[in-house]
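Worksheet: one structure, shown below.
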Amino acid sequence: MQSSQLKHVLIIGILFTSFFGTLAHFFYEWTGENVLAGLFTPVSESIWEHMKLIFFPMSLYGFLSKKYLKQESPCYCFAYLTGLLAGTLAIPVLFYTYSGILGRNCMIIDILIFYLSVILAFFVVYRTASQCKQHKSPFLPWLFALLLAACFFIFTFFPPQLGIFQG
Numbered sequence: 002m003q004s005s006q007l008k009h010v011l012i013i014g015i016l017f018t019s020f021f022g023t024l025a026h027f028f029y030e031w032t033g034e035n036v037l038a039g040l041f042t043p044v045s046e047s048i049w050e051h052m053k054l055i056f057f058p059m060s061l062y063g064f065l066s067k068k069y070l071k072q073e074s075p076c077y078c079f080a081y082l083t084g085l086l087a088g089t090l091a092i093p094v095l096f097y098t099y100s101g102i103l104g105r106n107c108m109i110i111d112i113l114i115f116y117l118s119v120i121l122a123f124f125v126v127y128r129t130a131s132q133c134k135q136h137k138s139p140f141l142p143w144l145f146a147l148l149l150a151a152c153f154f155i156f157t158f159f160p161p162q163l164g165i166f167q168g
């Protein structure tokens, strides 16, 4: 994939994920707490549930962008899944880092963390895809992404008694 084509696809991805992730924050409430909506969108104010804001919109965009790319890099799928995981995991890492330093959390910083995590995710995709010269198997990133999705579904209904799941 040409670097400019990849940049174009990923800039649209940042906008798509940011837009739909922002809307997803309210979707569960807007649907009258629909169980199906709750699988893909936050059902509480916990950090864990807010990780869905990037995971599911970015997953959808990855699926859609893969279908419409004319030429793909040899490891676009590997790169995309790696970026998806990096961005999703950046949310709790950044939140607990800054709130641990400040001793409290701030809504403005929480919102900025979401957008920063989206940008980080697509930056990882770009760097990984543009530097790849041969096919890389996406097996491990797929495995981790599927496990994370399964955990989102399970923990929506049965959240463990840990801080990350408390909202």
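Residue numbers (the working numbering): 2 to 168.
Built from N, CA and C at the ideal position, the CB exists for glycine as well.
On a predicted model such as this, the values are computed, not experimentally measured, just so you know.
Beta-carbon proximity of residue i to residue j, cut-off 8 angstroms
i      : j       : result
Phe-1  : Leu-86  : A question about residue 1 goes unanswered here, because the residues of the chain that appear run from 2 up to 168.
Glu-50 : Gly-164 : no
Leu-11 : Phe-123 : yes
Ala-80 : Val-126 : yes
Phe-41 : Phe-17  : no
Ser-45 : Ser-131 : no
Ser-19 : Tyr-97  : no
Tyr-99 : Ile-110 : yes
Ile-55 : Gly-22  : yes
Contacts around residue i, its chain only, beta-carbon distance under 7 angstroms, and the 5 residues preceding and following it disregarded
i       : result
Ala-38  : Phe-28, Tyr-29, Thr-32
His-136 : Pro-75, Cys-76
Leu-65  : none
Cys-133 : Ser-74, Pro-75, Cys-76, Ala-80
Reference residue i; option with closest CA among the options
i       : options                          : result
Pro-161 : Gly-22, Ser-47, Thr-18           : Ser-47
Gly-88  : Met-59, Lys-134, Thr-42, Cys-152 : Met-59
Cβ-based burial, residue i [other Cβ within 10 Å; buried from 16]
i       : result
Ile-114 : buried
Leu-121 : buried
Lys-1   : One cannot answer for residue 1 here, as it falls past the ends of the chain, which runs 2 to 168.
Pro-92  : The sequence given here has Ile at residue 92, not Pro. The residue is buried, with at least 16 neighbouring Cβ atoms inside 10 Å.
Own chain partners of residue i with C-beta closer than 8 angstroms, once the 5 adjacent residues on each side are dropped
i       : result
Phe-156 : Trp-49, Phe-166
Phe-83  : Here residue 83 turns out to be Thr, not Phe, going by the sequence shown. For Thr-83, where only same-chain residues beyond five positions count, the Cβ hits under 8 angstroms are Val-125, Val-126, Thr-129, Pro-142.
6 angstroms CB neighbourhood of residue i in its chain, flanking five on each side removed
i      : result
Gly-14 : Tyr-62, Phe-123
Cys-78 : Pro-139
- [ ] At 3 residues or longer, and completely inside the region 4-28: list those beta strand (DSSP E) runs for me, N to C.
- [x] Taking only runs of at least 3 residues, no beta strand (DSSP E) segment lies wholly in the region 4-28.
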